[in-house]
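Engineer: Sharing a structure, written as structure tokens. Questions coming.
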Amino acid sequence: MTMALVADIGGTNTRVALAKGRALQADSIQRFRNADFEGLEPILHTYLGAQQPGPLSGVCVAIAGPVSDGRGSLTNLNWTIAPEPLSALAGGAPALVVNDLQAQGFALDHLSDSALQALIPGQVSTAATRLVIGVGTGFNIAPVFRSGDTLIVAPAEAGHQTLPVQDSTELALVRALAADTGFAAVEEALSGRGLGNVYRFVAGQNGQNRPADGKELTRLLADGEDAIAKEAMAMFAQLLGRVAGDLALCFLPKGGIYFCGGMSRIVAPYLDQGGFADAFRAKGRFAEFMQDFPVFLIDDDYAALTGCAECLLQHR
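If you number the sequence shown the way this note's numbering does, the last residue is 762 and the count never jumps.
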């Protein structure tokens, strides 16, 4: 069986691998710093020159940005990715460009039990809709629908919706974000930089001037002594729970909600104490209905690569 070339492009790094069917070849996985290259094609040339895989059956690239008409641009990197150069690189083999959250959605059926951590336990309905939520450099989602043996993973740009608020403190946060960025989008609070923004805001509410530094916040949380850090994480957790709950009511994902992304993993240990589950379920008359949606964390660095391989199989 010939190999497929799969790649996952983030804002900072690109992971590349070879896949046989949907199985990644473990010894083929490499990571490249985007800052060392002028675009994706030089990365793939470098990779293929080292791997020498022979003829390729296809190429699928997942990008952290919107995809339209088969081509896309990264939100946090000035790269545009089109299928034609990828196909040429693969000797004319089929080439696909998908959103990175779509790739995560295509991977769901192939994650091991050890790659899933329950954040809100519950019964999974295997034939039902599922929802992937990515919290990393940005924020986005991908609903996953099943039609027979076919998966339909819809693209979205949910991180650019307006951040919902519940009280006067959150309204003040929205006003502060809008003053800083021009628009209080979800990912201005629920992302890596968003965590820093929330931390700076909470410090200001307490009369302190602290930088928008999410790494500093997580260090203070690990120490367990800083009251402002705890308050900021609680605000982040409750906002995340509310947004996830709103999305659950939109898509009714009784097959589960699956968080992915670097920030999801960083904040996961603090979500329960921060009030994530209560905020997720706080939907008035529908609070009991919200018990129907189990929530998980994906702990697999290469899930998007597996999803790219599955996407190629689905599009044969």
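Just so it is clear, CB atoms sit at the ideal spot from N, CA and C, and this is done for glycine as well.
Just so we're clear, the structure is a prediction, and the values are computed from it rather than from any experiment.
Have a look at 454, 608, 576 and flag the residue whose alpha-carbon is nearest the alpha-carbon of residue 796.
Structural biologist: Residue 796 falls outside the range modelled here, since the chain spans only 447 to 762, and no answer is possible.
Engineer: Taking only runs that begin and end inside the segment 678–728, name each unbroken alpha helix (DSSP H) of 4 or more residues, in chain order.
Structural biologist: Within the segment 678–728, the complete alpha helix (DSSP H) runs of at least 4 residues are 708–720, 722–727.
Engineer: What whole-angstrom Cβ distance do residue 741 and residue 565 have, given they're in contact under 8 Å?
Structural biologist: One-based indexing of the sequence shown puts residue 741 at position 295. One-based indexing of the sequence shown puts residue 565 at position 119. Contact flag correct, Cβ pair sits at about 4 Å.
Engineer: Nearest CA to the CA of residue 461: which residue from 480, 689, 450, 468?
Structural biologist: In the sequence shown, residue 461 corresponds to position 15, counting from 1. Nearest C-alpha to residue 461: 480.
Engineer: Under three-state DSSP, which class holds residue 762?
Structural biologist: Within the sequence shown, residue 762 is the residue found at index 316, counting from 1. DSSP places residue 762 in coil when its eight states are reduced to three.
Engineer: For residue 752, does the three-state DSSP call read helix, strand or coil?
Structural biologist: For the purposes of this step, residue 752 is taken as the residue at position 306 of the sequence shown. In the structure shown, residue 752 sits in a helix (DSSP, three-state: H, G or I).
Engineer: If we count Cβ pairs, one from each stretch, closer than 8 Å, do we get three or more for the segment 679–698 versus the segment 716–732?
Structural biologist: Touching, yes, given that three or more Cβ pairs across the two stretches are closer than 8 Å.
Engineer: Quick one: is residue 560 near chain B, going by C-beta distance under 8 Å?
Structural biologist: Included in the structure is just one protein chain, with no chain B present.
Engineer: Starting from the C-beta of residue 643, find all residues in its chain whose C-beta is less than 7 Å away, skip the five residues before and the five after it, and write them out in chain order.
Structural biologist: Against the sequence shown, residue 643 aligns to sequence position 197. Closer than 7 Å at Cβ, skipping near neighbours: 623, 634, 635, 658.
Engineer: Cα separation between residue 602 and residue 705?
Structural biologist: Counting from 1 along the sequence shown, the entry for residue 602 is found at position 156. Counting from 1 along the sequence shown, the entry for residue 705 is found at position 259. Approximately 15 Å between the Cα atoms of the pair.
Engineer: What residues are listed by DSSP as bridge partners for residue 476?
Structural biologist: The residue given as residue 476 occupies position 30 in the sequence shown. 462, per the DSSP bridge assignment.
Engineer: Does the contact criterion of 3 or more C-beta pairs under 8 Å hold for the segment 555–562 versus the segment 741–759?
Structural biologist: Counting Cβ pairs under 8 Å, three or more are found: they touch.
Engineer: Which stretch, first to last residue, makes up the alpha helix (DSSP H) that contains residue 495?
Structural biologist: On the sequence shown, residue 495 is found 49 positions in, with the first residue counted as 1. Looking at the DSSP string, the run of the alpha helix (DSSP H) that includes residue 495 is 486–497.
Engineer: Can you find the residues in the same chain that come closer than 7 Å, C-beta to C-beta, to residue 592, ignoring five residues on each side of it along the sequence?
Structural biologist: Residue mapping note: residue 592 aligns to position 146 of the sequence shown, counting from 1. Excluding residues within five positions, the ones whose Cβ falls inside 7 Å are 573.
Engineer: Is it the case that the Cβ atoms of residue 668 and residue 736 are separated by a distance below 8 Å?
Structural biologist: Here residue 668 refers to the residue found at position 222 of the sequence shown. Here residue 736 refers to the residue found at position 290 of the sequence shown. Not closer than 8 Å, so no.
Engineer: From the DSSP output, read off the bridge partner residues of residue 657.
Structural biologist: If you number the sequence shown from 1, residue 657 lands on position 211. DSSP output for residue 657 lists no bridge partner at all.
Engineer: Would you grab the beta carbon distance between residue 575 and residue 589 for me? Rounded to a whole angstrom, and I think it's under 8 Å.
Structural biologist: The residue you call residue 575 lines up with position 129 of the sequence shown. The residue you call residue 589 lines up with position 143 of the sequence shown. With 8 Å as the limit, residue 575 and residue 589 qualify as a contact, their Cβ atoms being about 6 Å apart.
Engineer: Does the Cβ of residue 447 have 16 or more other Cβ atoms within 10 Å, making it buried, or fewer, making it exposed?
Structural biologist: As a first step, residue 447 must be located in the sequence shown, where it is residue number 1. Exposed is the call here.
Engineer: Is the Cβ-Cβ distance between residue 750 and residue 508 less than 8 Å?
Structural biologist: Looking up residue 750 in the sequence shown gives position 304. Looking up residue 508 in the sequence shown gives position 62. It is a contact, given that the beta carbons lie within the stated cut-off.
Engineer: Candidates 651, 625, 639, 730: which alpha carbon is nearest residue 692's?
Structural biologist: The sequence position of residue 692 within the sequence shown is 246, counting from 1. Out of 651, 625, 639, 730, 730 has the C-alpha closest to the C-alpha of residue 692.
Engineer: Answer with buried or exposed for residue 598, where buried requires no fewer than 16 other C-beta atoms within 10 angstroms of its C-beta.
Structural biologist: By one-based count along the sequence shown, residue 598 stands at place 152. Exposed is the call here.
Engineer: Here's the rule: buried if 16 or more other CB atoms are within 10 angstroms of the residue's CB, otherwise exposed. What is residue 586?
Structural biologist: Sequence index remark: in the sequence shown, residue 586 carries index 140 (1-based). Under this definition residue 586 is a buried residue.
Engineer: Whose CA, out of 501, 506, 477, lies closest to the CA of residue 493?
Structural biologist: Translated into positions along the sequence shown, residue 493 becomes position 47. Closest option to residue 493, Cα to Cα, is 477.
Engineer: Which of helix, strand or coil does DSSP assign to residue 643?
Structural biologist: Working through the sequence shown from its first residue, we reach residue 643 at position 197. Three-state result, residue 643: helix.
Engineer: Looking at the structure shown, is residue 563 part of a helix, part of a strand, or coil, going by DSSP?
Structural biologist: For the purposes of this step, residue 563 is identified with residue 117 of the sequence shown, where counting begins at 1. Looking at residue 563 - three-state DSSP - the assignment turns out to be strand.
Engineer: Could you tell me which whole alpha helix (DSSP H) segments of length 4 or greater appear in the segment 505–583?
Structural biologist: Segments of the alpha helix (DSSP H) lying fully in the segment 505–583: 529–535, 546–553.
Engineer: Is residue 580 buried or exposed, if buried means 16 or more other CB atoms sit within 10 Å of its CB?
Structural biologist: Position 134 of the sequence shown, counted from the first residue, corresponds to residue 580. So residue 580 counts as buried.
Engineer: DSSP puts residue 592 in a beta bridge; with which residues?
Structural biologist: Reading the sequence shown from its first residue, position 146 is the one you call residue 592. 597.
Engineer: Compare the C-alpha of residue 678 against each of 616, 549, 625 and name the closest.
Structural biologist: Position 232 of the sequence shown holds residue 678. Of 616, 549, 625, the residue nearest in Cα terms is 616.
Engineer: Take the Cβ of residue 661 as the centre, count every other Cβ of all protein chains shown within 10 Å, and call the residue buried at 16 or more, exposed below.
Structural biologist: Taking the first residue of the sequence shown as 1, we reach residue 661 at position 215. The residue in question, residue 661, is exposed, as its Cβ has fewer than 16 Cβ neighbours within 10 Å.
Engineer: Do residue 583 and residue 638 count as a contact pair if the criterion is CB distance below 8 Å?
Structural biologist: Walking along the sequence shown from the start, residue 638 turns up at place 192. Walking along the sequence shown from the start, residue 583 turns up at place 137. Closer than 8 Å, so yes.
Engineer: To the nearest whole angstrom, what separates the beta carbons of residue 549 and residue 696, a pair I think is in contact under 8 Å?
Structural biologist: Within the sequence shown, numbered from 1, the residue matching residue 549 stands at position 103. Within the sequence shown, numbered from 1, the residue matching residue 696 stands at position 250. At roughly 21 Å, the Cβ-Cβ gap does not stay under 8 Å, so residue 549 and residue 696 are not in contact.
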